[in-house]
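Student: Chains as they are written, first to last, in my numbering: chain P, 6 to 280; chain U, 6 to 280. Starting off with a structure, shown below.
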């Protein structure tokens, strides 16, 4: 039998329905990467929507990692697609909304504004790309401009966008994506964006370690979300290339290991652990 | 009866099936804006896929205006989702591929590389964001860096990415998005990216005029794609707010008017008209 996109999408739905209940007691958030769902076309988006529904039923928050960016009505449409508020003659026809969305900074303030408006309407949040975790990130993000770098200007903009949106916990609904592979950057950008929750990809498979990310946490051990993707999702693959039978338990163990590693690194840095 | 996303998506499919045959004799390309399909969730993506299939059957090229950007395997997944090459155990399960895709530059070369690889594999093309048409574009894109601006560095990168991908027509498969609202920028960026096809949004509803865009065309009257969106798509709405019954003819007339305006502006600038 030849595989089809709908059949693969059904398998993906089943996989996530089995994994999510094992992750829910361990982690607060899941961050689906839209690209991998979009590869399967419409059936893939059904799988994404199922994941969002299930995760929220289990009390998990969902960050839609879609890295969307555009202007005007198009940015507004992306914001509504992911955070809710798609209305047709007064009826809400939105896909299942996520709690937060990752967005691109290149358009500047008026490109981000429709996403900010969506946050204000829905209670959702944003994570704006500041410093990414790839080697070429420096080509544009580290360009010097005056006495600063482009990423510093972006970080200041993120702080400005977040300023009117600081909640009683001290953090804003406008967070920042900061690659965990650059520990010095993490510290410097934290001082430019004191109210932003940092979303730190690059942990695990991309080479970031627990000690690399502790600078993103504040003195209370809060303010940072460390993302592990491949190291948890593909935990069923052993180092020798063989696969374990009980993939749910492999995922659960990998997630537990990761949270312990971060708690240990926070303790080494003299910060309390908030989880 | 309350509207539902699947019902709206079916109406969108019907609308496009009626409009596309009227546009196919007039314009070479359609540029679906993914945000508006994503608003309807999985049924919206079905409508996008139907549009791609129909447009290509009619001999139209399709630029997926998705402004995607990420790194590594995620960028690769986006590239395959839109340009083809999604394989599962040797079977291609790709959604209907577009001919080209719009992408973000913020990640730098290794973020764009998976998209370049997809072009090389499929014969597809890219349009990388250089200068956008919104007022805040200047916040990041116009930042001075040395004697240049950030957008100049991006433009040089686009030229570099396109250099090994120049076809016999003299143009590269790596194009650039250049807002038509900044005529001076259009000229300056043309000199930095002589081999890039320019995709010029902002014409019509966003305020760009035909005379603003002629600088993007070369001496042969080639090398630029002028995008009209709202002025054509919503041509059924009269200025007084009323609507015409025959929306297919309204769209057709608006598309014809736009091509005539551009041909006239090219003639005024002493450039031949290639269409």
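For every residue, glycine included, the Cβ atom is placed at its ideal position computed from N, Cα and C.
Mind checking the segment 140-162 of chain U against chain B and listing, in chain order, the residues whose C-beta falls within less than 8 Å of any C-beta there?
Tutor: Absence of chain B from the displayed structure is noted, the protein chains being P and U.
Student: Would you check if the distance between the CB atom of residue 41 of chain U and the CB atom of residue 82 of chain P is smaller than 8 Å?
Tutor: Cβ atoms of residue 41 of chain U and residue 82 of chain P: closer than 8 Å.
Student: Do residue 191 of chain U and residue 221 of chain U have their beta-carbon atoms positioned less than 8 Å apart in this structure?
Tutor: yes
Student: Give me the residue from U/66, U/158, U/110 and U/50 with the minimum Cα distance to residue 72 of chain U.
Tutor: Ranking the options by Cα distance to residue 72 of chain U, first place goes to U/110.
Student: Please identify the residue among P/8, P/24 and P/28 whose C-alpha is closest to the C-alpha of residue 264 of chain P.
Tutor: P/28
Student: Can you check whether the CB of residue 206 of chain P is closer than 8 Å to the CB of residue 115 of chain U?
Tutor: Inclusion of residue 115 of chain U and residue 206 of chain P in the CB contact set at 8 Å is not warranted, their separation being larger than that value.
Student: Anything in chain U within Cβ reach of residue 37 of chain P, meaning under 7 Å, just list it in chain order.
Tutor: Correct list: empty, because the minimum Cβ distance to chain U is about 11 Å.
Student: What ranges does the alpha helix (DSSP H) occupy inside the segment 162-217 of chain P, keeping only unbroken runs of at least 4 residues that lie completely in it?
Tutor: 188-197
Student: By the criterion of Cβ-Cβ separation under 7 Å, what are the contact partners of residue 8 of chain P in chain U?
Tutor: Residues of chain U passing the Cβ test: 93, 94, 96 and 98.
Student: Might you give, ordered along the chain, the residues of its own chain that have their beta carbon closer than 8 Å to the beta carbon of residue 38 of chain P, omitting 5 neighbours on each side?
Tutor: 70 and 234
Student: Alpha carbon to alpha carbon, how far is residue 89 of chain P from residue 101 of chain P?
Tutor: 7 Å
Student: According to DSSP, simplified to helix, strand and coil, what is residue 106 of chain P?
Tutor: strand
Student: For residue 171 of chain U, collect the residues of the same chain with a Cβ closer than 6 Å to its Cβ; drop the 5 residues on either side in sequence, then sort them by chain order.
Tutor: 177 and 200
Student: At 3 residues or longer, what runs of the beta strand (DSSP E) sit wholly inside the segment 76-139 of chain U?
Tutor: 105-108 and 130-136
Student: Since residue 2 of chain U is in the alpha helix (DSSP H), which residue starts that stretch and which ends it?
Tutor: As displayed, chain U neither begins before 6 nor continues past 280, which places residue 2 of chain U out of reach and without an answer.
Student: Rounded to a whole number of angstroms, what is the C-alpha to C-alpha distance between residue 108 of chain P and residue 134 of chain P?
Tutor: 6 Å
Student: Pull up the distance between the alpha-carbon of residue 60 of chain P and that of residue 25 of chain P, whole angstroms please.
Tutor: 7 Å
Student: Taking the beta strand (DSSP E) that residue 240 of chain U belongs to, which residues open and close that run?
Tutor: No beta strand (DSSP E) contains residue 240 of chain U, which DSSP labels as neither H nor E.
Student: For the segment 109-125 of chain P, which residues have a beta carbon sitting closer than 8 Å to at least one beta carbon of chain U?
Tutor: So the list reads 109, 110, 111, 112, 113, 114, 115 and 116, given in the order they occur along the chain.
Student: Pull up the DSSP beta-bridge partners for residue 149 of chain P, would you.
Tutor: P/154
Student: Taking C-alpha atoms, which residue in P/276, P/271, P/16 and P/132 lies nearest to residue 162 of chain P?
Tutor: It is P/132 whose Cα lies nearest to the Cα of residue 162 of chain P.
Student: Note down, in chain order, every chain P residue with its Cβ under 7 Å from the Cβ of residue 13 of chain U.
Tutor: 93 and 98
Student: By the 9 Å beta-carbon criterion, what residues does the segment 23-47 of chain U contribute toward chain P?
Tutor: Hits within the stretch, in order: 38, 39, 40, 41, 42, 43, 44, 45, 46 and 47.
Student: Pairing CB atoms from the segment 8-21 of chain U with CB atoms from the segment 48-63 of chain U, are three or more of them under 8 Å?
Tutor: yes
Student: Quick one: list the residues of chain U neighbouring residue 72 of chain P, beta-carbon separation under 7 Å, in chain order.
Tutor: By Cβ distance, chain U contributes 74 and 75.
Student: Keeping to the same chain, check which residues put their C-beta closer than 7 Å to that of residue 56 of chain U; ignore five residues upstream and five downstream.
Tutor: The residues are 21 and 37.
Student: Determine the closest residue to residue 65 of chain U out of U/17, U/104, U/129 and U/185, with distance taken between C-alpha atoms.
Tutor: U/104
Student: Using the DSSP secondary-structure output, state which residues sit across from residue 233 of chain P in a beta bridge.
Tutor: BP columns for residue 233 of chain P point to P/208.
Student: How far does the alpha helix (DSSP H) with residue 55 of chain U in it extend, from its first residue to its last?
Tutor: For residue 55 of chain U, the uninterrupted alpha helix (DSSP H) segment begins and ends at 46-62.
Student: Less than 8 Å between CB atoms is the rule here; does residue 18 of chain P satisfy it with respect to chain U?
Tutor: no
Student: Could you please give me the residues that DSSP links to residue 34 of chain P through a beta bridge?
Tutor: The partner list for residue 34 of chain P (beta bridge, DSSP) reads P/66.
Student: Can you give me the start and stop residues for the alpha helix (DSSP H) that residue 263 of chain P sits inside?
Tutor: 252-273
Student: I'd like to know if residue 83 of chain U contacts chain P, where contact means its C-beta is closer than 8 Å to some C-beta of that chain.
Tutor: The beta carbon of residue 83 of chain U falls within 8 Å of a beta carbon belonging to chain P, placing the residue at that interface.
Student: Would you say residue 134 of chain U faces chain P, with C-beta separation under 8 Å as the test?
Tutor: By the rule that beta-carbons nearer than 8 Å mark a contact, residue 134 of chain U touches chain P.
Student: Would you say residue 181 of chain U and residue 204 of chain U are within 8 Å of each other, going by their C-beta atoms?
Tutor: yes
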